[in-house]
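Quick notes on the structure that follows.
In our numbering, the protein residues as written are 1 to 544.
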C-alpha cells in the first residue's frame, strides 16, 4: 500500500501513516522471529527478505529522483564520456537525451521536473535562428526548479519546451568511482529500452545479498540463534524496500560492502580494509565506520607491567598509552592502507580520463545542505536540529562542536572497543554523527540499519525513522522544522534509554559460573573475536 500511490507530493501525511504501519508490522515480526531456532529463523529471514524487497518493485521511485541520475551517468559512461566532465544540461551531451529522461511539452507539467535548454536543431537553409527574450512562465513548473530563459525559435515557430527528470541538471555528478562503475554495469546489463526497473532490481539483489552476508556471519557467532534473528532487522526493515529498492539508492551497495568488511576485519584485516575501501568509494559515508574497524586497537597491547627505564616500577599511564599507540600502528595500517589504496585506485582511471575534478559537485553539495560554517541553508533544511535546541543559530559553532564530540567517541572506541565486534564501535560513531548532524535524507540511514542488524542494538533504528519524519512527514505541516527536530529528539532519547537499560542489566547480571565459562554474545572477552580461544571454554585434562 505504501507504493501504490504517489503520495509524496500530494498527501505526505497519508504516506507517513502507511509507512508507520509498515514499521509496526516490522517490529512485531522482528520480535516474533526471536522465538525460532537458528535454522528456522534463517529460512524465514532470507525468504522474507526477498518478499519484502520485491514490494519496492511495484512502482516507480516515490520519494527520490536520484535513480534517474544513476541511469544518466551509466548512459554517459557507455558513450565513452567521463561522468565528471559535463553537467546533464550541457549541450555537448544533447545527443544522449531521450524523451524518458528529458521529456518535452506537456510531459514537463508536474513535480520533479527541471527545465533545461532544448537541444540545438540545425536551421533551415537561409534561416537565422534567434532567441526570444520573453521568459517562459509555465504555471505547473515547481517552485524549487530554475526558470527557463526562453524558447529557441526557428523559421517554423517556437521550439517545444524541454525539461529533465534529473535533479540538479546544472551541476556535475557527485558519486564516487565504485558507484559509477555500478551504474555502468547496470546500464550494460539492462535490456534495450528499459527505464529504472534494472536499477530497482539491482537494489533488491543488493539488499538480499546483505541479508545473506548477515546470516552467514551469524553462523560463526557465539549465539547463532540470536544473531540470525537480528538479521531480520535489516531484511524486513521498511527502509530497505523504500530506499534500497523502490528509490534504488546506491547506499545499498555501500551497506553491503560495509557489512562484509566489518565481518571480515576480526579475522582478515587486509580483506576487511579492501571491502571498507570499496564501500567508501561507493558512497563516501561508510568512511565513518573506519574507527569501528579499529576498535580497541590502542588497548590490545597496553598491558605492559614494568617500565624498563625504572626497573621494578609499574609503567605510567602515559608510557603505556604511548607503547599501545606504537604497537597499534601495524594492525591499523593493515586495515587503513588497503582501504585507502582501493579508494585511490578507484578514482585513478577517472582522474586520467576526466578534464574536470572527479569530486564533482561535492563541495557545492556540502554548502547546499548547510554543513559549511555560517551557511544560511542549515536553518532552512533543519540541520543540527538537536544542537539548535541549545542555541537558535548553531551554524557558526556547530562544526567544531561536532568534531570535538566525534573525536571523543572515536577515542573511546579505539581504547575500549571490542576488536571482535568492530560493528559495535562503527554503530556508535555513525549513530552519534547522525544525531549531531541530523541529515534530512532517510536513505543515508540504510548504513545504520545494516549496523544495527550486526550488533542488535535496535534502539538505533530510531534514526531512519527520524529521517523519514524530517523528509516526508514534515511536508504535511506548514512549518515542518519542529517535526524533524521532534523525530531526532525521540530517536536520541531512545538511544539513551537503551544504553541505560543495558547498563542496569549488566550491573545486575550474576557473575559467570566459572573462570572459563563461555561468555554470551553481548559480553565476549574484550579484544577477542567470537569463537577465538579467548571466548571458548577450556577443558581440563584428566589423567588416565
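Each residue gets a CB set at the ideal place from its N, CA and C atoms; glycine is no exception.
Same chain only: Cβ atoms within 6 angstroms of residue i, ignoring 5 sequence neighbours per side
i: residue 299; result: 415
i: residue 113; result: 163
i: residue 440; result: 381, 470 and 471
i: residue 453; result: 214, 230, 231, 233 and 234
i: residue 480; result: 474
i: residue 20; result: none
i: residue 523; result: In this prediction, residue 523 has a pLDDT of 44, which is less than 50 and means its spatial position is unreliable; nothing more can be read from the coordinates.
Spatially closest choice to residue i from the options, by CA coordinates
i: residue 95; options: 72, 105, 115 and 113; result: 72
i: residue 380; options: 443, 401 and 471; result: 471
i: residue 346; options: 279, 225, 366 and 99; result: 279
i: residue 101; options: 76, 84 and 81; result: 76
i: residue 582; options: 269, 53 and 231; result: Because the chain in this structure spans residues 1 to 544, residue 582 falls outside the shown range and cannot be described.
i: residue 258; options: 268, 250, 272 and 267; result: 272
i: residue 116; options: 165, 373 and 454; result: 165
i: residue 229; options: 208, 23, 30 and 423; result: 30
i: residue 205; options: 252, 283, 343 and 9; result: 252
i: residue 286; options: 269, 262 and 266; result: 262
i: residue 39; options: 219, 161, 417 and 237; result: 219
i: residue 463; options: 26, 473, 444 and 232; result: 444
i: residue 193; options: 98, 402 and 181; result: 98
i: residue 222; options: 455, 481, 6 and 482; result: 455
i: residue 388; options: 79, 255 and 486; result: 486
i: residue 106; options: 161, 91, 396 and 510; result: 161
i: residue 189; options: 202, 179, 481 and 177; result: 202
i: residue 289; options: 421, 208 and 2; result: 421
i: residue 177; options: 348, 27 and 411; result: 348
i: residue 394; options: 373, 466 and 282; result: 373
i: residue 434; options: 491, 478, 390 and 413; result: 491
i: residue 175; options: 356, 375 and 361; result: 361
i: residue 255; options: 265, 186, 284 and 267; result: 284
Residues bridged to residue i [DSSP beta-bridge criterion]
i: residue 108; result: Looking at the DSSP assignment, residue 108 forms no beta bridge with any residue, so it has no partner.
i: residue 114; result: 164
Inter-residue CB distance, residue i and residue j (contact presumed, cutoff 8 angstroms)
i: residue 476; j: residue 16; result: 7 angstroms
i: residue 358; j: residue 365; result: About 14 angstroms separates the two Cβ atoms, so there is no contact after all.
i: residue 339; j: residue 294; result: Not a contact, Cβ separation roughly 11 angstroms.
i: residue 277; j: residue 423; result: Not confirmed; about 17 angstroms, so no contact.
i: residue 13; j: residue 183; result: Going by Cβ atoms, the distance from residue 13 to residue 183 rounds to 34 angstroms, so no, they are not a contact pair.
i: residue 563; j: residue 396; result: With the chain covering only 1 through 544, there is no way to say anything about residue 563.
i: residue 296; j: residue 417; result: 4 angstroms
i: residue 451; j: residue 430; result: 6 angstroms
i: residue 458; j: residue 427; result: No, residue 458 and residue 427 are not in contact; Cβ-Cβ is about 11 angstroms, not under 8 angstroms.
i: residue 241; j: residue 56; result: 4 angstroms
8 angstroms Cβ shell around residue i - same chain, five flanking residues per side excluded
i: residue 67; result: 61, 196, 199, 200, 247, 248 and 249
i: residue 371; result: 378, 383, 399 and 437
i: residue 33; result: 41, 44, 45, 229 and 232
i: residue 89; result: 116, 117, 164, 169 and 170
Cβ shell of residue i (< 7 angstroms), same chain only, five flanking positions each side left out
i: residue 211; result: 45, 46, 49, 231, 234 and 235
i: residue 269; result: 331, 334 and 335
i: residue 37; result: 225
Query - Contained alpha helix (DSSP H) runs [length at least 4] in the stretch 368-412, N- to C-terminal order - result: 377-380 and 385-388
Query raised in the report: In chain order, which alpha helix (DSSP H) runs of at least 4 residues are fully inside the stretch 52-84?
Result: 66-78
Report task. Could you name each continuous alpha helix (DSSP H) segment of 4 residues or more that falls completely within the stretch 427-460, going from the start of the chain to the end? Result -> 446-455
Report task. Taking only runs that begin and end inside the stretch 217-263, name each unbroken alpha helix (DSSP H) of 4 or more residues, in chain order. Result -> 224-230 and 232-235
Query - beta strand (DSSP E) runs contained entirely in the stretch 326-355, provided each spans 3 or more residues - result: none
Report task. At 4 residues or longer, and completely inside the stretch 7-46: list those alpha helix (DSSP H) runs for me, N to C. Result -> 7-10 and 12-32
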